[in-house]
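Here the structure is laid out as structure tokens; the discussion comes afterwards.
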Amino acid sequence: MLRDDLRTLWTEPRPPDPPARLRRDWALLAASLAAVALEAVLREDVVWRPVAVAVAVWLCLLSLWRRTHPLTVVTLAFGSVALLPVASLVAARGEPVGLNTGAVVLVLVYALPRWGSGREIVLGGAVTLAVGSLCVLADPAPVAERIMGFVFLLLPGAVGSAVRFRVTARERQSEQVRSRERERLARELHDTVAHHVSAMVIIAQAGRVLAGTDPSAAVTALEGVEEEGARTLEEMRAMVAALRDRGVGAELAPPAGVTDLERLVRTPGGRLRVDLGLDGELDALPPAVDAAVYRIVQESVTNTLRHAVDATELVVRVAAQGHTVRVSVRDDGRRTGRGRDGYGLTGLRERATLLGGTLRAGPGTDRGWHVEAELPSARSERGAHSRPRR
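Converting from the sequence shown to my numbering requires adding 301 to each position, the first position being numbered 1.
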């Protein structure tokens, strides 16, 4: 387990697009250099003042590259810091060499886990621990103070790791939201195309049958195909545009709902009579439930047109009763094939389950195909999460 965690850390990539330099970076550099100058002038017990000032200025300058080159910056910085105990041993009085403003190195410790890759974090962390341990051993201060100083050195690294974890978790959550939205739109695209193409096939078949006896009916059929094709292209363009990765806040076309059922059931070609009945308060449904009702009816109409042999009537009932919306679609045709669920019915069952409802589909007791669905008409905890809020 530990080996797998270390391997995962080692292969962790850098965060994408780290900012090179921001306005606050120049403000930090100016404040750090000003602090170095003040300490070098006002502090009297500085050992090897030129060396201490040069190292402090060097550490301040390295902070400008902490995001784009975190491992290089940490290695150069702590390599310079490692020379200070050696200089302290060479100094005549054996006192620590360096300025307190060298604490700017803590910014580099923070940037390493925040912006580095896994490999850089491991190598840079090893350098930090090694140099920090050397400084603790060479420090003549009491043991408690040295331990506290070591902990203080590592604290920015822990903060940087926490910030990176939080940002990564938020980005992963946003990507999941986008993925669910794209999946939902892909399902809607399938339902829309299947419905309109089935309608176009029915119109074309009717036009071919009537072309020999009634040429005007063939022209009417062609006009119907043209209308259905134009509507299909329009809806496909809207959905494909929304499927593009434009972020979670992209404006999407509102999905069809119960108010669009009247237009939906106007089946072209005159082959199928649709009896639509709406009952109850259906104008205040949650958007996800409203869209689900439309898609259930649309998929049922499409399947009847494609698979029901000798079907003459389709009965659609949508009723709001209490906190439940019931959808019933029944035809009087005969089904061909083995009756196996396709992608449409599978997607509808998944949609109903996510909303906290149920959907059943199968042959009727005498003949025909029945689709029965029950959906919650009020927002539930499961239903609220089935569709991202925009």
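Yeah, the Cβ is synthetic: ideal placement off N, Cα and C, and Gly gets one too.
All values reported here derive from a predicted model rather than from experimental measurement.
For residue i, the nearest candidate out of the options (CA to CA)
{"i": "F451", "options": "D440, V460, G461", "result": "D440"}
{"i": "R652", "options": "H671, L676, T373", "result": "L676"}
{"i": "L646", "options": "G657, C436, T613, A674", "result": "A674"}
{"i": "V337", "options": "L323, G530, A355", "result": "A355"}
{"i": "S381", "options": "P371, G399, R325, W366", "result": "G399"}
{"i": "E529", "options": "V502, G508, A445", "result": "V502"}
{"i": "A620", "options": "T603, V598, L363, G663", "result": "V598"}
{"i": "L253", "options": "E582, D561, A500, L339", "result": "Absent from the model: residue 253. The displayed extent of the chain is 302 to 691, so no value can be given."}
{"i": "N401", "options": "L377, A335, P587, I422", "result": "A335"}
{"i": "T654", "options": "V520, A593, V348", "result": "A593"}
{"i": "E600", "options": "G665, V672, G623, T560", "result": "V672"}
DSSP bridge partner residues for residue i (one or two, in chain order)
{"i": "R627", "result": "A620, E675"}
{"i": "D632", "result": "L615"}
{"i": "W670", "result": "P664"}
Residue i Cβ short of 7 Å to the ligand GTP heavy atom set
{"i": "P414", "result": "In terms of ligand content, the structure shown is empty, and the ligand GTP therefore cannot be addressed."}
Proximity below 8 Å, CB of residue i to CB of residue j
{"i": "V428", "j": "L360", "result": "no"}
{"i": "H661", "j": "R635", "result": "The sequence as given places Arg at residue 661; His does not occur at that position. No. Outside cutoff."}
{"i": "R315", "j": "W416", "result": "yes"}
{"i": "L649", "j": "R607", "result": "no"}
{"i": "R591", "j": "A609", "result": "Sequence inspection shows Asp at residue 591; the Arg mentioned does not correspond to that position. The answer is no: Cβ separation not under 8 Å."}
{"i": "D584", "j": "V617", "result": "no"}
{"i": "V410", "j": "L454", "result": "yes"}
{"i": "T603", "j": "A463", "result": "no"}
{"i": "L656", "j": "A589", "result": "yes"}
{"i": "D326", "j": "S364", "result": "yes"}
{"i": "L586", "j": "M537", "result": "no"}
{"i": "L424", "j": "L372", "result": "yes"}
{"i": "A412", "j": "G461", "result": "yes"}
{"i": "P317", "j": "R368", "result": "no"}
{"i": "G508", "j": "A522", "result": "yes"}
Where the beta strand (DSSP E) containing residue i begins and where it ends
{"i": "D576", "result": "574-580"}
{"i": "R661", "result": "659-664"}
Terminal residues of the alpha helix (DSSP H) in which residue i lies
{"i": "L334", "result": "324-343"}
{"i": "D611", "result": "Segment: none, D611 is in no alpha helix (DSSP H) and carries neither H nor E."}
{"i": "L363", "result": "350-363"}
{"i": "E563", "result": "562-565"}
* Run through the stretch 372-453 for me and flag every whole alpha helix (DSSP H) of 4 or more residues, listed as ranges in chain order. => 406-416, 419-439
* Curious, which full-length beta strand (DSSP E) runs of at least 3 residues does the stretch 475-516 contain? -> none
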